[in-house]
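For what it's worth, full-length UniProt numbering labels the leading residue of the sequence shown as 1, then goes sequentially.
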Amino acid sequence: MKEIATLLLADGTVFTGVSVGAEGEVMANITLYRGATGYENVLTDSAYEQQIIAFTYPHIGNTGISEDRKPVVSGVILRDYPVMESHFQSQWPLKEYLRRHHIIAISEVDTRHLSTLVREAESNFGTISGVIITGKLSALQLEAKFKHYFGVEYPENRMTTLLSSSQNRSTQNSVTQNSTTISLQNPQG
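Rendered as structure tokens:
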């Protein structure tokens, strides 16, 4: 059974996906990595320390992990997680490596859409959580998370509303993604 995970951006966009790392929640700056190779080095590179790395190439993890170096990233975002890894030097699947080192990760995220949002955003902060966010009650919880994580204080007269939500994944189109946008609107205009 697949474990649900949620990626929450500072602009209120929510992606639902599958947990492929450790359990828990992490908040950090999201950095895009566009390379097709070298994911093992990226996880341990001090330039990416305490950041959530969004791998935009869709086949990350298909060669497994060959060295047990300690990762320095806070979280990982993937498009697809491979069914199995295949490389003669592979010692561990990526999922096992991430869990052993307590790195929170999410897959089944539309990284092309995420890339656009991150490039256009004023803030690249996000959080990965094992909790799925849907409905009005969760939108209020989302507002509380923003206050806690991002230091954003919303006036009492603001309302949290769900603008759009898609709960059904298309298995025929690999680009289709569950995402929800939360809008914090001021009724006074």
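Just so you know, even glycine gets a beta-carbon here, dropped at the ideal spot from N, CA and C. Since the model is a prediction, treat every value here as computed from it, not as a measurement.
8 angstroms CB neighbourhood of residue i in its chain, flanking five on each side removed
i: S90; result: T63, G64, I65 and S66
i: V18; result: K2, E3, I4, A5, Y81, I106, S107 and E108
i: T44; result: R69, K70, P71 and V72
i: S46; result: V72
Residue i (DSSP reduced to helix, strand or coil)
i: V14; result: strand
i: L78; result: coil
i: I128; result: strand
i: F88; result: coil
i: S19; result: strand
i: T56; result: coil
i: T63; result: coil
Residue from the options whose Cα sits closest to the Cα of residue i
i: A22; options: R99, L8, Y33 and Q51; result: R99
i: I103; options: G61, T16 and E25; result: E25
i: T16; options: R79, N41 and V42; result: R79
i: Y39; options: N124, R119 and Y97; result: Y97
Supposed close pair residue i, residue j - CB separation, criterion 8 angstroms
i: V73; j: Y48; result: 5 angstroms
i: K70; j: H113; result: Not a contact, Cβ separation roughly 31 angstroms.
i: T31; j: S115; result: Rounded, the Cβ-Cβ distance is 11 angstroms, inconsistent with contact.
i: G61; j: I128; result: Not quite, the Cβ-Cβ distance comes to about 16 angstroms (not below 8 angstroms), so this is no contact.
i: L94; j: L9; result: Not a contact, Cβ separation roughly 23 angstroms.
i: I52; j: G130; result: Contact doesn't hold; Cβ gap of about 15 angstroms is too wide.
i: Q50; j: A36; result: Actually they are not in contact, since the Cβ atoms of Q50 and A36 sit about 25 angstroms apart, beyond 8 angstroms.
Beta-carbon contacts of residue i that lie in its chain and below 6 angstroms, excluding the five residues immediately before and after
i: I77; result: A54, I106 and V109
i: D11; result: A121
i: H87; result: T63 and G64
i: R34; result: T56
i: Q167; result: Only weak support exists for where Q167 lies, its pLDDT of 29 falling under 50; the coordinates are left without a value.
Close Cβ partners of residue i (< 7 angstroms) along its chain, the five nearest in sequence each way excluded
i: P58; result: R79 and D80
i: N41; result: none
Completely contained alpha helix (DSSP H) runs for the segment 23-53, where each covers 4 or more residues: Qualifying alpha helix (DSSP H) stretches, in chain order: 39-44.
Going along the chain, which unbroken runs of the beta strand (DSSP E) with 3 or more residues stay wholly within the segment 92-123? The segment 92-123 is shown to contain whole beta strand (DSSP E) runs of 3 or more residues at 104-107, in chain order.
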